[in-house]
Ligand code: IDP
Ligand code: MG
């Protein structure tokens with residue numbers, strides 16, 4: 515199936531100047547970038563994005579970190595884009611991530627782990643619409 519997924523380059527990676535290298539890895543894996551922007555979330559906006567994690571002990575720290583500086587948001591498209599981008603990102607904890615993955619290469623720790631990727635096609639479409647309007651994606655066939 516042809517899917518879209520949401521990619522976020524998180525504040526730790528943007529701050530270290532890794533956006534270009536990460537986007538390069540994405541494009542080299544045949545995922546197409548069909549929309550992209552740089553922005554900074556408020557903590558309330560980060561809480562809205564990560565609402566599924568609101569009962570987790572790391573929620574406050576996570577949302578403070580995600581609002582601590584600019585991020586890059588991008589919509590990726592391709593065959594099995596959701597699963598393929600998850601594989602390219604690697605495990606949540608970089609200590610468990612495989613060689614050649616974005617997190618193995620660039621994550622600092624389990625929280626500041628460089629990138630976000632949607633975990634299923636259904637969550638991908640909700641997450642994409644958190645950052646992008648229909649008009650932002652209008653140039654591409656659905
Ligand atoms: P994912 O980003 O690989 O999908 P999730 O379990 O959905 O991982 O967690 C969302 C984000 O919350 C992670 O990417 C990471 O930034 C943070 N996080 C997850 N587990 C922990 C933890 O145990 N301590 C601190 N932060 C965590
Ligand atoms: Mg997740």
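Numbering (the numbering used here), first residue to last: 515 to 656.
Built from N, CA and C at the ideal position, the CB exists for glycine as well.
Keep in mind the model is a prediction, meaning the values are calculated, not measured.
Best match in the options for proximity to residue i [C-alpha to C-alpha]
| i | options | result |
| --- | --- | --- |
| residue 529 | 655, 620, 541 | 620 |
| residue 566 | 629, 645, 637 | 637 |
| residue 606 | 595, 629, 593 | 629 |
| residue 546 | 612, 533, 516 | 516 |
| residue 550 | 568, 635, 537, 582 | 537 |
| residue 603 | 560, 532, 533, 540 | 540 |
| residue 521 | 618, 595, 611 | 595 |
C-beta atoms of residue i and residue j nearer than 8 Å
| i | j | result |
| --- | --- | --- |
| residue 655 | residue 627 | no |
| residue 553 | residue 525 | no |
| residue 625 | residue 579 | yes |
| residue 598 | residue 632 | no |
Check: residue i C-beta below 7 Å from any heavy atom of the ligand MG
| i | result |
| --- | --- |
| residue 613 | no |
| residue 633 | yes |
Heavy atom of the ligand IDP within 7 Å of residue i beta-carbon
| i | result |
| --- | --- |
| residue 565 | no |
| residue 542 | no |
| residue 630 | yes |
| residue 645 | no |
| residue 637 | no |
| residue 622 | no |
| residue 577 | no |
| residue 606 | yes |
| residue 641 | no |
Residue i (DSSP reduced to helix, strand or coil)
| i | result |
| --- | --- |
| residue 622 | coil |
| residue 556 | coil |
| residue 570 | coil |
Using 8 Å as the threshold, is the region 637–651 in touch with the region 584–600, meaning 3 or more CB pairs across them?
The way I'd put it, the region 637–651 does touch the region 584–600; three or more beta-carbon pairs between them come closer than 8 Å.
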